[in-house]
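Under the numbering used here, the first residue of the sequence shown is numbered 598, with each subsequent residue one higher.
The block underneath contains the structure these notes are about, expressed in structure tokens.
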Amino acid sequence: MKEKKQYQKGFCIICKNKTVSFEKGVICSLTNLLPDFDKECNKFEVDKKRITEKTDEFKKGIKLKYTKLENKKFWTDPDTSFYIERFSLKNNNRNLSKGGVNMKFYRNKFSILNHSLVFIGIFLMIVYGNIKHNHGWDLQSFNMIFLIVFSLIGIIYISYNYFNDEDYVISIHENYINLNGEKIYWNCILDYVIIEGKNEDKVILCTSLDGIKKIDMKRFDNSAFEIASIIEKNIKYFTT
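Here is the structure:
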């Protein structure tokens, strides 16, 4: 059974009647069932070759783009399947209602608060410097122009980030992960990689139907390793 499901990744080059079901993922449009490879297909070479080519291309692209990062872990590498054991989230059980939401990832509002405090701190230091050194408060002076421009940039930046932050942009469902309204079915994820670095904390997905998808976790309360454990658990649930 595992050998059959290994190639149910959404390419279906052999069968041209594929369609996407909300509940089941990629199914046959003639029967509304998951493809029965034992009955309909004699060979898997075409599908297997396409999957291998796409995952290899994905790995090469990641290694070229992130050359300075040594800690690049691909899910399909033999020694990488350890996220579930080492990294788990609280209440992360497979107790799912049909089509129900299992988990939501919320934006971290503290990052906006930290940026606000930095802007306010710099603003107060500039004002204090002006007072201490008896700089003029003429609106045409360099100090005042800089202070006004800096204040406007700070207000615009903080306001934009605050009012454009949704409550959550990632939700985990029974059959798919929802990335800001875009559904990616578990059985269409071919590979993923965790990217960690000084300014990097993301999971990049290689999918058969939706191309490359990035999940940037820098502004969330959870890490890339944590969401990787959820992704791996669901991929294994639907492909084993």
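Built from N, CA and C at the ideal position, the CB exists for glycine as well.
Small disclaimer: the values here were computed from a predicted structure and weren't measured.
What residue does the beta strand (DSSP E) around Cys-803 start on, and which one ends it? 798–804
From Val-724, Tyr-789, Met-814 and Lys-830, pick the residue whose C-alpha is nearest to that of Lys-651; which is it? Looking at the Cα atoms, Tyr-789 is the closest of the given residues.
For the beta strand (DSSP E) holding Tyr-663, just list the boundary residues, first then last. Careful: Tyr-663 lies outside any beta strand (DSSP E) and carries neither H nor E.
Using 8 angstroms as the cut-off, can you tell me whether the region 779–786 makes contact with the region 805–813, which would need three or more C-beta pairs spanning the two stretches below that distance? yes
Pull up the distance between the alpha-carbon of Lys-695 and that of Lys-662, whole angstroms please. Interpretation of Lys-695 is limited by its pLDDT of 35, a score under 50 that renders its predicted location unreliable; the figure taken from the coordinates is listed afterwards. Taking the straight line joining both Cα atoms gives about 39 angstroms.
Give the DSSP-derived three-state secondary structure of Phe-671 in the structure shown. strand
Beta strand (DSSP E) segment containing Glu-779, residue limits: For Glu-779, the uninterrupted beta strand (DSSP E) run begins and ends at 779–782, by DSSP.
Tell me Val-790's beta-bridge partners as DSSP assigns them. Phe-671 and Ile-801
Measure the alpha-carbon distance for Lys-811 versus Ile-755 and round it to whole angstroms. 24 angstroms
Is the separation between the beta-carbon of Phe-671 and that of Lys-657 shorter than 8 angstroms? no
DSSP beta-bridge partners of Ile-774: Ile-769 and Ile-781
In this structure, how does DSSP classify Lys-795 when only helix, strand and coil are distinguished? coil
Exposed or buried, Asp-653, counting other C-beta atoms within 10 Å across all chains shown (16 or more means buried)? Exposed: under 16 other Cβ atoms inside 10 Å.
Buried or exposed by the 16-neighbour rule on C-beta atoms within 10 Å, applied to Met-814: buried
Can you look up Lys-815 in the DSSP assignment and give me helix, strand or coil? Coil, per DSSP.
Within 10 Å of its beta-carbon, does Ile-801 have 16 or more other beta-carbons around it, so buried, or fewer, so exposed? buried
Closest to Ser-768 by CA distance: which of Gly-794, Asn-819, Asn-731 and Ile-723 is it? Asn-819
Separation of Ile-719 from Glu-771, as counted between CA atoms: 47 angstroms
Please return the same chain residues whose Cβ sits closer than 7 angstroms to the Cβ of Ile-841, not counting the five positions on each side in sequence. Only positions 598 to 837 of the chain appear in this structure, which leaves residue 841 out of reach.
If we ignore side chains and look at the alpha-carbon of each, how far apart do Ile-728 and Val-746 end up? Ile-728 and Val-746: Cα-Cα distance of roughly 19 angstroms.
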